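K.L.:
Here it is: the structure, laid out below.
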Amino acid sequence: MASEERSSLSAGVESHRAPVPVHQFKQQNLPACKPVLTPAWVITTYFLIGVLFIPIGFISLRASMGVVEIVDRYDTECVPNSYKSDKVAYVKDMSVSKNCTRYLKVKKRMKAPIYVYYELDNYYQNHRRYVKSRNEQQLLHGLRYNSTSSCRPLELNKGLPIVPCGLVAWSLFNDSYSFSRGAEKLNVNRKNIAWQSDRDHKFGKKVHPFNFQNGTLIGGGKLDSRIPLSDQEDLIVWMRTAALPSFRKLYGRIEEDLDEDDVVIVNLLNNYNTYSFGGKKKIVLSTSSWLGGRNNFLGMTYILVGASSMFIALVFLLLHKLSWARQ
Amino acid sequence: MPGRRKKIRFSKIYTFKCKTAAAKDDHLHIGGPGFSRVVFCNEPASFEATSRNYADNYVKTTKYSPATFVPKSLFEQFRRVANFFFLVTAIVSFTPIAPYSAASSILPLSIVIGATMLKEGVEDYRRKKQDDEVNGRKVNMHQGDGSFKLCIWKELRVGDVVKVQKDEFFPADLLLLSSSYDDAICYVETMNLDGETNLKLKQSPEVTSSLHEDSSYKNFKATIKCEDPNASLYTFVGSMEVEEEKVPLSPQQLLLRDSKLRNTEFVYGAVVFTGHETKVIQNSTAPPSKRSNIERKMDKIIYFLFGVLFLIASVGSIVFGIVTKDDLHGDRMKRWYLRPDKAEIFFDPERAPEAAMYHFLTAILLYTYLIPISLYVSIEVVKVLQCVFINQDIDMYHEETDKPAYARTSNLNEELGQIHTILSDKTGTLTCNSMEFIKCSIAGTAYGRGVTEVERAMAKRLGSPLDGIKDQKKDMENKNTKPRIKGFNFEDERIMNGNWVREPHPLIIQGFLRLLAICHTAIPDKDEDTGNVTYEAESPDEAAFVIAALQLGFEFYQRTQTTVSLIELDPDTHEKVQRDYDILNVLEFNSTRKRMSVILKYEGKFLLLCKGADSVMFERLGKNGREFEEITREHVDEYADAGLRTLILAYRELTEEEYKDFNEKFKAAANAVSEDRDTMINEATELVEKDLVLIGATAVEDKLQQGVPECIDKLAQAGIKIWVLTGDKMETAINIGFACSLLRQGMKQITITLETPEIKQLEKVGEKGPIAQASKKSVMQQISEGKDLIASSKNEAFALIIDGKSLAYALEDDLKKMFLDLAVECSSVICCRSSPKQKALVTRLVKEETKKTTLAIGDGANDVGMLQEADIGIGISGVEGMQAVMSSDIAIAQFKYLERLLLVHGHWCYRRISSMICYFFYKNITFGFTLFCYEAYTTFSGQAAYNDWFLSLYNVFFTSLPVLALGVFDQDVSARFCLKFPLLYQEGVQNVLFSWRRIIGWMFNGVCTAIIIFFLCIRALEPQAFKKDGKTADMDVMGPTLYTCVVWVVNCQMAVSISYFTLIQHIFIWGGICLWYFFLLAYGALSPTISTTAYKVFIEALAPSASYWLITLCVVIAALTPYFSYKSLQMQFFPMYHGMIQWIRHDGQSEDTEYCNLVRQRSIRHTTVGIMARSLARTNPLTGSTHRRR
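Those protein sequences? They're chains A and B, same order as listed.
Using our numbering, the first residue of the first sequence is number 1, and each one after it goes up by one.
Using our numbering, the first residue of the second sequence is number 328, and each one after it goes up by one.
Listed below in structure tokens is the structure:
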């Protein structure tokens, strides 16, 4: 489709003075590819896109379909009936037991590793105030670093610095889950759920929580001050702020296969307050494919784009033939 | 040789010129306000002189000095609305309102400002060098001891006495003290001031005229009192006191800076005005700063984008305010994790309106990416590079004068592609200002076989319509065969080399040649060594005649006060003899007389030799002088149609009584001081200039510059209108009109003139009021008659010819609209006898009333006003005068280069700049709208989707190079095809590539692209795990993914929308994308304190994830499909003109001459001018049909 046009050099004085490419460059006469959108080329392009995209779409779709996912919303079910009208009061009331049990039926065999996620909804971790309210230096260096004004209003408590400071850490998600299959307890591996680089380079190995959640208003989870921040993977995962108001975060991995029709019993502590802003809480068990979790969107898009390319190719072919016939 | 010349008192030859009575009244003012200058000649260092503190002679044109450069150019930069806006945002970004860090917003701004300042600096440095060259010229200055020494110009002070040599420029405004001539006259060429090529005569005051020697200035003292510096070139009032004697001074004694000494060995002068106080500098107005239409439109788009910015920012703020207020109800916090109870003002629910206000600022800062910060600087860089290409174009390089094209201002390139009307000067632009004696008719026989440029062009067009190879060959041959003599292009063996003696009327031929050799005012200059004679003539026509006489065997070699000496061939003896002719009177040429005569006494007979225009000469022939009248008239008409200038030659014998009678009357008239002196002289000459005997006629070619007819033809085919504005006579202008094919037989000429009998009658009465009234009425009537004529006839070409006097009325406020309406209807317009000011006014009229782009082209100082007034001024740099070049925007060596400049470079630049701007808006809107979409998902909290540095480097790094490549290198159609299909140029004139439709289309494309990118990305990435290891995508992953897609899409969009790929395009486009990955890698490898959210994001999170790569591919294709389909459809079914040419090239039909002609002839309409139209009009009258491909 591309025709190569090499115009001959104008036989000027310049030609022997400057090397040919330089001369061509100066005279804006470089050899160039000048594609013209001919019908053949357009139709071929679209056709090729179709040929390429539809298979990719099906492959992706297959990968996604192969993922087994169990999603269970528990925020409404885990509130005792007496509190149904005022869920906020329930979650704030420290004296009430937050225990709750959920039964998840495995519809299809799930191969290890099975990833456990919590999913929050309508939760604006991407709010600018929230995102900014942390201090990377303090996370890495701890109390040695004390200009933490960005953490306001959770910078100091009773005159002492808070480690880790800021809204993000303060609002740490603190629902906890334990799983069992029948009587058999399912182990949840909660190591290696955070990014390696975060653990190694962003959260200090010698930085321990200090003065954390000691204020009058308790936000979310508390931290064990004996464990350095770099090992507090829950915190590290939480502090990677989500991009959208509805998000999943990794809780752990079950490293055993689950068979079809198994029932997984989830014992959870429904501590975290999503009731004041009407957010949902879900627990998600999911396997993964080479493409990640279950999401048909990408595969469908590929198929759609591929199909429409094919369609456009056909339309062009038709139009071309028609106009040709008319001539 | 000079000694010989010194003896001649030329003031005697010039009967009427030298003496003009100075207006006495003005001299009363001397010493008063406005006339306070006192110059102490020869003592510039005295206390009295220095205490006056007159300016030095340094002329500065630079904008900045080293000290003021930084503050002044910064100030200039921030006067631009967009730059100022970015400055404000940079300042605001230091406050907590900012959604990103201050450094990231300052870096791009400083790059942009820095680059522009660098450009300014380089330009100013160039000006400085030019200044240094001018100020460093040397002149002989009096040292106070009677000796003169070379000094540089800038050291001159008021009061210095300088000696200027022949052909030197005057370094300052000088008072002429004396010259190499006895009567202290000198000739001055003022071409740089007013563009007039004829020499002006200046004469010193009597008292100093005898100071001919260097030593005589040793004790010279004089005091000059005169007017203060002012801009008026033609007035000067002052008086000089020398040795107690007080003499009045007039402009006659003032030598102006930038004019040149001619025909005079040397002059002495006293410096009166220096440097910026000189009249010429005072007269130079600051060059108007010109901005192109596209840039003005671009400003509008920027304002529109500001509007969009404010709109979306306020939408965001309102939502943000509502949501924020909702966060806190008494004690109950809704989004408790934000701690709305303890919020600072920016997020405080209790002060939600204020928070919303602050948020508005944040949002504006965030969405500034809608407005391309680097647009202005990119455009400037691109234009400078475009200029480099224009300057380097070998096809616009004139080898003979070693002058390439030179773009002096870089910001008008794209205007070159949009020219609607060209206003051209004639002399020096269309013509070479050299007259060539080419044909003559003697005693009814036509001689001369020379071929004029027009005839050549016509022959070429008729013979082989496409290639110009043959012509070049012919030219080469011509050059090789014989050395060309300037001013002589006559070839006819019948009368050359003395063969004329064998012709039927040898005596008449002898008379003819003798007349040519005698009847003129030229001065010979014989080189003693070689024996060659050169002539200094007042006008090139005169020179052409004398040279013709010389070449034909009548060598005029010496002139004394009263005699003209020739070496001529005697027809009887066939030998060369020397003859002296006593000149008794010279009756000068002027525009009303249209003739010139010389009365001489030869062999006891009184002879009157006369040459003049046919309109005045034929009626003056005597009864017995009309022998050849008819056939001569035929010849003259023939010559005129070929665009030649004709003169009729005739003679008459006078009796002694007749002569004596005439001489008395003439002397009385010449010495008269009264107002009717001119009338008296006229009456006297009428007495003798009658009953003439016709000898023959001459035809002089006002030589067109090379390639002018072809160039005009191409420009006309491109649909550009061409107006000729000239100071010449109407006849000459019409000649040239024919010569350039602007006029042709069969074209209806509408002539508007005030040379009507009624007006002339009124002028004789001499009352101004009625004349003006009648003139205006007459002009108005002629204009409306013209309009009626046009309205009544269809499919006919009209030409409008208007003279200067009528133009003055036509340009008055109430008539100009009418005049323009008429002019626009005509195919060609010729304004003759127009003053520089009128040229500028006409230009302004066309520019302002038609709202179209105008281009003025000229070479002389008289064109300066026009050049500055027009949207683009083109100066011709081939000739000497620099004034036009200095005030032009682009200088070219020859008119013919205009074709390439407009059709190729103009078209390319227009296309490049307009595509570039559209693309710029597209890419920024794409980027800005992804930000906006993301905002909607953060309740408009002002959180950017991308890392700070991703944000700020988008414009300056990842997307800037391909745009530059587009702006500098893109070609829709190669130069060859641009020239082959001139109609392509109309794309620029009609502005189809930068129409609102197209701009909005691109913006819409940007919005769509942004939406496609954003939603595909977020839906495909969230909420599930995006990698095999079960990790989910957070903000740090989402941002770079989106960004990758944007960079890919935007760069690929570029690849899809251009159709010209050289290696450079490939490197820039794909390099831009690679650069992004490299940046991501490098930035991610820095310590997390610097790289923050981008730390190792690529190696750890993105690269190993299959979905990241799949999403990129899918998004790119999905986002480009709509545009690609649109473009394919358009190319296939509704191609634009450049598309058609691409088809032709692609289909290989470019070799099919017939088909190409078909496509090209679409550009010819009945109103088109030019050779092609002319030859077509001869063969077949064109109908207005159009041929369509497919």
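In this text, a Cβ means the ideal position worked out from N, Cα and C, and glycines have one as well.
Bear in mind that the values here come from a model prediction, so they are computed numbers and not experimental data.
Excluding the five sequence neighbours on either side, which residues of its own chain have a C-beta within less than 8 Å of the C-beta of G1398 of chain B, listed in chain order?
P.N.:
Within the second sequence, residue 1398 of chain B is the residue found at index 1071, counting from 1. Taken in chain order, the residues that qualify are L1288.
K.L.:
Would you check if there are 3 or more beta carbon pairs closer than 8 Å linking the segment 568–575 of chain B to the segment 534–554 of chain B?
P.N.:
Touching, per the Cβ criterion.
K.L.:
Check for me: the alpha helix (DSSP H) holding N1062 of chain B runs from which residue to which?
P.N.:
In the second sequence, the residue the question calls residue 1062 of chain B occupies position 735. For N1062 of chain B, the enclosing alpha helix (DSSP H) stretches over residues M1057 to A1066.
K.L.:
Can you check the segment 100–155 of chain A for any beta strand (DSSP E) of at least 3 residues that lies completely inside it and give the ranges in chain order?
P.N.:
114–120, all fully within the segment 100–155 of chain A.
K.L.:
Should L665 of chain B be flagged as near chain A, meaning a C-beta pair shorter than 7 Å?
P.N.:
The count along the second sequence starts at 1 and reaches residue 665 of chain B at position 338. Under the Cβ distance rule, L665 of chain B counts among the residues neighbouring chain A, one pair being separated by less than 7 Å.
K.L.:
Is it buried or exposed for E1013 of chain B, if we count other Cβ within 10 angstroms and need 16 for buried?
P.N.:
Counted from its first residue, the second sequence places residue 1013 of chain B at position 686. Result: exposed.
K.L.:
Under 7 Å between C-beta atoms, does D798 of chain B make it to chain A?
P.N.:
Sequence index remark: in the second sequence, residue 798 of chain B carries index 471 (1-based). Low per-residue confidence applies at D798 of chain B: pLDDT is 44, beneath 50, and the placement is therefore not dependable, though the value from the model is reported in the following sentence. No, D798 of chain B lies away from the interface with chain A (no Cβ there is under 7 Å from its Cβ).
K.L.:
Take S289 of chain A and list the residues in its own chain whose beta-carbon comes closer than 8 Å to its own, dropping the five residues that flank it on each side.
P.N.:
For the purposes of this step, residue 289 of chain A is identified with residue 289 of the first sequence, where counting begins at 1. These residues qualify, in order along the chain: A63, S64, G66 and V67.
K.L.:
Taking C-beta pairs closer than 7 Å, name the residues in chain B that G293 of chain A reaches, listed in chain order.
P.N.:
Against the first sequence, residue 293 of chain A aligns to sequence position 293. Q1351 and A1352, listed in chain order.
K.L.:
Between the C-alpha atoms of K281 of chain A and F413 of chain B, what's the straight-line distance to the nearest angstrom?
P.N.:
To locate residue 281 of chain A, count along the first sequence from 1; it is residue 281. To locate residue 413 of chain B, count along the second sequence from 1; it is residue 86. When rounded, the distance between both Cα atoms is 44 Å.
K.L.:
Identify the contact partners of N146 of chain A in chain B, using a Cβ-Cβ distance below 8 Å as the criterion.
P.N.:
By one-based count along the first sequence, residue 146 of chain A stands at place 146. Result: empty, since nearest Cβ-Cβ is about 16 Å, beyond 8 Å.
K.L.:
Just checking my contact of K1423 of chain B with S276 of chain A at CB under 8 Å: how many whole Å lie between their CB atoms?
P.N.:
What you label residue 1423 of chain B is simply residue 1096 of the second sequence in a count that begins at 1. What you label residue 276 of chain A is simply residue 276 of the first sequence in a count that begins at 1. Not quite, the Cβ-Cβ distance comes to about 36 Å (not below 8 Å), so this is no contact.
K.L.:
Is it true that the segment 40–58 of chain A meets the segment 1318–1337 of chain B, where meeting means three or more beta-carbon pairs spaced less than 8 Å apart?
P.N.:
no
K.L.:
Would D1361 of chain B count as contacting chain E if we go by Cβ distances under 7 Å?
P.N.:
Annotation note: the requested chain E is absent from the structure, which comprises protein chains A and B.
K.L.:
Any C-beta of chain A sitting closer than 7 Å to the C-beta of S1452 of chain B?
P.N.:
Residue mapping note: residue 1452 of chain B aligns to position 1125 of the second sequence, counting from 1. Among the CB atoms of chain A, one or more fall inside 7 Å of the CB of S1452 of chain B.
K.L.:
Quick check: the Cα distance between L304 of chain A and F1341 of chain B, rounded to an integer number of angstroms?
P.N.:
Taking the first residue of the first sequence as 1, we reach residue 304 of chain A at position 304. Taking the first residue of the second sequence as 1, we reach residue 1341 of chain B at position 1014. Those two C-alpha atoms are separated by around 17 Å.
K.L.:
What distance in whole Å lies between the Cβ atoms of I1047 of chain B and I1129 of chain B, which are believed to be in contact at a cut-off of 8 Å?
P.N.:
Start at 1 with the first residue of the second sequence, and residue 1129 of chain B comes out as number 802. Start at 1 with the first residue of the second sequence, and residue 1047 of chain B comes out as number 720. With 8 Å as the limit, I1129 of chain B and I1047 of chain B do not qualify as a contact, their Cβ atoms being about 20 Å apart.
K.L.:
Can you give me the C-alpha to C-alpha distance between P426 of chain B and Q1270 of chain B, rounded to a whole angstrom?
P.N.:
To locate residue 426 of chain B, count along the second sequence from 1; it is residue 99. To locate residue 1270 of chain B, count along the second sequence from 1; it is residue 943. Each residue's alpha carbon lies about 6 Å from the other.
K.L.:
Which residue comes first and which comes last in the beta strand (DSSP E) that contains P1036 of chain B?
P.N.:
Working through the second sequence from its first residue, we reach residue 1036 of chain B at position 709. That residue, P1036 of chain B, is in no beta strand (DSSP E); its alpha helix (DSSP H) goes V1035 to Q1044.
K.L.:
Excluding five sequence neighbours on each side, which residues of the same chain lie with their C-beta closer than 7 Å to the C-beta of P319 of chain B?
P.N.:
An answer regarding residue 319 of chain B cannot be provided, because it is not within the stretch 328 to 1517 covered by chain B.
K.L.:
Taking only runs of the alpha helix (DSSP H) that begin and end inside the segment 14–70 of chain A, which ones reach a length of at least 4 residues, in chain order?
P.N.:
14–17, 20–26 and 39–65
K.L.:
Can you give me the Cβ contacts of E1152 of chain B inside the same chain, cut-off strictly under 7 Å, excluding the 5 residues immediately before and after it?
P.N.:
By one-based count along the second sequence, residue 1152 of chain B stands at place 825. These residues qualify, in order along the chain: I1117 and F1125.
K.L.:
Scan the segment 524–561 of chain B and note each continuous beta strand (DSSP E) run of 3 residues or more that stays entirely inside, going in chain order.
P.N.:
526–530 and 549–553
K.L.:
Any contact of the segment 1223–1230 of chain B with the segment 1241–1257 of chain B, i.e. 3+ C-beta pairs under 8 Å?
P.N.:
no
K.L.:
Between H1393 of chain B and Y1312 of chain B, is the Cβ-Cβ spacing less than 7 Å?
P.N.:
Position 1066 of the second sequence, counted from the first residue, corresponds to residue 1393 of chain B. Position 985 of the second sequence, counted from the first residue, corresponds to residue 1312 of chain B. Not in contact: H1393 of chain B and Y1312 of chain B (Cβ atoms no closer than 7 Å).
K.L.:
Classify T758 of chain B as helix, strand or coil using the three-state DSSP reduction.
P.N.:
Taking the first residue of the second sequence as position 1, residue 758 of chain B is located at position 431. Assignment of T758 of chain B by DSSP, reduced to helix, strand and coil, places it in the strand class.
K.L.:
For chain B, find out if any of its Cβ atoms is closer than 7 Å to the Cβ of N126 of chain A; answer yes or no.
P.N.:
Looking up residue 126 of chain A in the first sequence gives position 126. With 7 Å as the cut-off, N126 of chain A counts as an interface residue toward chain B.
K.L.:
Compute the beta-carbon to beta-carbon distance between K1030 of chain B and M762 of chain B, rounded to the nearest angstrom, for a pair I have assumed lies under 8 Å.
P.N.:
By 1-based counting over the second sequence, the position of residue 1030 of chain B is 703. By 1-based counting over the second sequence, the position of residue 762 of chain B is 435. Contact flag correct, Cβ pair sits at about 7 Å.
K.L.:
Would you please verify whether the beta carbon of H141 of chain A is less than 7 Å from any beta carbon of chain B?
P.N.:
As a working note, residue 141 of chain A is residue 141 in the first sequence. Chain B contact via Cβ: absent.
K.L.:
Could you tell me which chain A residues have their CB closer than 7 Å to the CB of L1343 of chain B, listed as they occur along the chain?
P.N.:
Within the second sequence, the letter at position 1016 stands for residue 1343 of chain B. Correct list: T301.
K.L.:
I believe L301 of chain B touches E1226 of chain B by the beta-carbon criterion, under 8 Å. Please report the beta-carbon distance rounded to the nearest angstrom.
P.N.:
Because chain B here runs from 328 to 1517, residue 301 of chain B falls outside it and cannot be looked at.
K.L.:
If you draw a straight line from the alpha carbon of A996 of chain B to that of L936 of chain B, how long is it in whole angstroms?
P.N.:
Here residue 996 of chain B corresponds to residue number 669 of the second sequence, with the count starting at 1. Here residue 936 of chain B corresponds to residue number 609 of the second sequence, with the count starting at 1. Approximately 21 Å between the Cα atoms of the pair.
K.L.:
Counting only beta-carbon separations shorter than 7 Å, does V305 of chain A have a partner in chain B?
P.N.:
Sequence index remark: in the first sequence, residue 305 of chain A carries index 305 (1-based). It does; some Cβ of chain B falls within 7 Å.
K.L.:
Would you verify that the beta carbon of Q138 of chain A is, or is not, closer than 7 Å to some beta carbon of chain B?
P.N.:
For the purposes of this step, residue 138 of chain A is identified with residue 138 of the first sequence, where counting begins at 1. Chain B contact via Cβ: absent.
K.L.:
Run through the segment 673–752 of chain B for me and flag every whole alpha helix (DSSP H) of 4 or more residues, listed as ranges in chain order.
P.N.:
Segments of the alpha helix (DSSP H) lying fully in the segment 673–752 of chain B: 679–694 and 702–719.
K.L.:
Given that T1265 of chain B touches chain A, what residues does it touch there, using C-beta distances under 8 Å?
P.N.:
The residue given as residue 1265 of chain B occupies position 938 in the second sequence. Here the neighbours are Y124, N126, H127, R128 and P245.
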